[in-house]
Amino acid sequence: MLQLPQGTRNPDDNSPIDLNSVFDVFVYIILPLLIIVFYILWRRWKKGRDKH
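Right, here's the structure in full:
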């Protein structure tokens with residue numbers, strides 16, 4: 000209790016991901032999947048380009 004300053008957020012205050020919220024689904028599921036897919040495609044494109 001003494002180590003947590005007044006007015007700061009406590010890690011216990013966090014709520015779980017709400018899958019009914021469009022924003023939460025987009026930020027925590029769709030956006031990371033898109034980043035992974037685009038990274039894989041970029042690596043393939045870069046690898047194919049370096050061979051020529």
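Residue numbers (numbering that gives the first Met the number 0): 0 to 51.
The C-beta atom is built at its ideal place from N, Cα and C for all residues, glycine as well.
Under the three-state reduction of DSSP, which class applies to residue 8: helix, strand or coil?
-> coil
For this session: Within the same chain, show all residues whose beta-carbon is closer than 6 Å to that of residue 10, passing over the 5 residues directly before and after it, in chain order.
Result: none
DSSP-derived helix/strand/coil call for residue 16:
coil
Residue 43 versus residue 30: straight-line alpha-carbon distance, rounded: 20 Å
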